[in-house]
Ligand code: PXP
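In my numbering, the protein residues as written are 23 to 270.
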């Protein structure tokens with residue numbers, strides 16, 4: 023039996039981070055998304071944070087119109103953002119916890135602790151035809167709660183493993199992820215994974231069974247800077263060749 027192909031969803035938040043750092047119109051997120059699509063990405067992920075530090079509301083509406091691959095909108099369970107999601111109707115929504123001062127999403131959702139509020143949102147999104155995913159740590163009780171909620175997907179938080187600096191801790195976290203993927207599948211959930219994945223951590227992540235999609239952002243955008251800077255410099259130098267020198 024052939025194994026299903028593992029899909030890549032590229033998270034382009036940090037292309038928006040670069041744009042927001044200077045308030046420019048570039049990089050153009052539609053262009054970035056199209057290049058990801060052309061390279062084989064099967065989805066584009068964006069996180070509309072309540073603090074709007076990278077993705078802006080207009081990006082969400084614009085990308086929804088322009089993308090030809092599924093859009094996965096990451097978001098907190100906040101009424102204002104839920105309204106936008108219901109308006110835009112992305113292909114999928116991944117519900118994540120959000121704290122104002124965090125550098126990036128820290129930890130998975132407490133599905134058990136916020137069950138009622140999350141279920142209300144999950145039901146509203148589902149009624150709108152949006153596929154809901156819950157971003158969770160590989161914790162059996164949280165996975166069971168996600169399955170009870172009826173969300174079709176979970177996204178396993180791979181950050182603890184990917185960011186681990188101590189080998190023993192990394193081994194333990196990878197084992198939890200493998201067990202978590204197995205448990206989620208047994209509970210009837212489809213399994214995505216993401217956070218902190220780069221080319222160094224990828225081989226270990228590929229040991230997780232039943233994976234559907236990996237959502238990867240920061241490392242791809244960072245790598246794009248490295249592999250693209252030579253070309254960007256050449257383009258600028260080519261532009262400078264028009265210089266005539268001397269007095270006009
Ligand atoms: N998945 C979720 C739910 C996230 O919150 C993030 C970060 O926005 C990612 C995946 C991508 O993580 P990274 O940028 O570290 O690849």
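Ideal Cβ positions, reconstructed from N, Cα and C, are used throughout, including at glycine.
| Neighbour-count burial assignment, residue 102, 16 or more Cβ in a 10 Å radius | Under this definition residue 102 is an exposed residue.
| query | Considering only the beta carbon of each residue, do residue 116 and residue 177 sit closer than 7 Å? | reply | For residue 116 and residue 177, yes; Cβs fall inside 7 Å.
| query | Taking 6 Å as the cut-off, is the CB of residue 136 close to at least one heavy atom of ligand 1? | reply | Taking the Cβ of residue 136 as the reference point, every heavy atom of ligand 1 lies at 6 Å or farther away.
| task | Confirm the yes/no value for this check: CB of residue 213, any heavy atom of ligand 1, distance under 6 Å. | result | Result no, Cβ not under 6 Å from ligand 1.
| request: Would you mind working out which of 159, 169, 187 and 171 sits nearest residue 180, comparing C-alpha positions? | output: Considering only 159, 169, 187 and 171, the residue with the shortest C-alpha distance to residue 180 is 159.
| message | Among 75, 65, 104 and 97, whose alpha-carbon lies nearest the alpha-carbon of residue 85? | response | Closest option to residue 85, Cα to Cα, is 65.
| task | Let me know if residue 257 comes out buried or exposed under the rule of 16 or more other beta-carbons within 10 Å of its beta-carbon. | result | Residue 257 should be labelled exposed.
| Which same chain residues, not among the five before or five after residue 173, have their C-beta less than 6 Å away from its C-beta? | Excluding five sequence positions before and after residue 173, the CB atoms of its chain that fall closer than 6 Å to its own CB belong to 144, 154 and 156, given in chain order.
| query | Which residue comes first and which comes last in the beta strand (DSSP E) that contains residue 116? | reply | Boundaries of the beta strand (DSSP E) around residue 116: 114-117.
| With DSSP run on the structure shown, which of helix, strand or coil describes residue 150? | In this structure, DSSP gives residue 150 a state outside helix and strand, which the three-state scheme calls coil.
| So, are the CB atoms of residue 37 and residue 243 less than 7 Å apart? | For residue 37 and residue 243, yes; Cβs fall inside 7 Å.
| query | Are the CB atoms of residue 151 and residue 94 nearer to each other than 7 Å? | reply | No, these two residues do not count as a Cβ contact at 7 Å.
| message | Shorter than 6 Å, the distance from the beta carbon of residue 116 to the closest heavy atom of ligand 1, or not? | response | Indeed, a heavy atom of ligand 1 lies less than 6 Å from the Cβ.
| Paired residues, beta bridge with residue 223 - DSSP | When DSSP reads this structure, residue 223 sits in no beta bridge, so it has no partner.
| message | In whole angstroms, give me the CA-to-CA distance for residue 110 and residue 55. | response | In a straight line, the C-alpha of residue 110 is about 17 Å away from that of residue 55.
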